[in-house]
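Trainee: Residue numbers (this note's numbering): -6 to 165. Can you read through this structure? Questions will come right after.
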Amino acid sequence: MLNIGECVIYGSHGLCKVREILVPSFLERGKQKQYYMMISAVDAGSVLYVPVEGAEDKIREVISADYAEGLIDDIEGTPEIELPEGKKAEPAILDIIKRNVAEEMMGLVKALRRIKATREAEGKKFAMLNEKYLNMAEKLLYTELAFSLETEKDVVKRRVLEELSDLPLETA
């Protein structure tokens, strides 16, 4: 069971802080059970109610500072997610975002950033849907990394983009 004040990763909602453990008043009589009331760090002002029972399957610990440093420092060694072509890419991307595992998210960001850079180098546009998913993946990943490293999300983003810019396009 989580404790009040604890920060965790809750699937595609990302970094959340447990504000309360309660039986919400919106539940029907006879169906009351305990919920975590969580505040999202990713979507400011978002409040989530997560049933305590079964939550362990959807919640994971925030990565450590050492792990976060390693992810950034070894971007070159992080396997890039291989995405299917065209419309088949969307379900694969959504699956990764839903799982929200830090290394996979870094691999997704790496893949989408490479695709974007390649398209731009060819004078082509980056698909709006890919832009949407890149923004979503970066928001989730950078929020967790910033929390772990006790820094700002923009600082993390700059570091990651700097590391990615040092990689050749075909392997970025």
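By construction, the Cβ of each residue, glycine as well, lies at the ideal position given by its N, Cα and C atoms. Predicted, not measured: the structure shown is a model, and the values here were computed from it.
1) Please work out which residues of its chain come closer than 7 angstroms, Cβ to Cβ, to Met129, disregarding the five sequence neighbours upstream and downstream, and give them in chain order.
2) Please return the same chain residues whose Cβ sits closer than 8 angstroms to the Cβ of Glu156, not counting the five positions on each side in sequence.
3) Could you give the distance in angstroms between the alpha-carbon of Val153 and the alpha-carbon of Arg22?
4) Between which two residues does the alpha helix (DSSP H) carrying Gly7 extend?
5) Check whether the Cβ atoms of Val94 and Ile52 lie closer than 8 angstroms to each other.
6) Pick helix, strand or coil for Val153, following the three-state DSSP scheme.
7) To the nearest angstrom, report how far apart Arg92 and Pro84 are at their CA atoms.
8) Measuring alpha carbon to alpha carbon, tell me which residue in Gly63, Val40, Met121, Glu73 is nearest Tyr28.
9) Assuming contact is defined by CB atoms lying nearer than 8 angstroms, are Glu49 and Lys26 in contact in what I supplied?
10) Out of curiosity, what's the CA-to-CA distance linking Pro77 and Ala110?
11) For Val35, collect the residues of the same chain with a Cβ closer than 7 angstroms to its Cβ; drop the 5 residues on either side in sequence, then sort them by chain order.
Mentor: Quick answer:
1) Ile90
2) Cβ-Cβ distances below 8 angstroms link Glu156 to Ile65, Asp66, Ile68, Glu69 in the same chain, with the five nearest sequence neighbours on each side left out; the list follows chain order.
3) 50 angstroms
4) Gly7 -> not in any alpha helix (DSSP H); beta strand (DSSP E) instead, spanning 7 to 15.
5) No, the pair does not count as a contact, with Cβ atoms beyond the cut-off.
6) helix
7) Arg92 and Pro84 have their C-alpha atoms spaced approximately 12 angstroms apart.
8) Val40
9) no
10) Pro77 and Ala110 have their C-alpha atoms roughly 18 angstroms apart.
11) His6, Gly7, Leu8, Lys132, Leu133, Thr136
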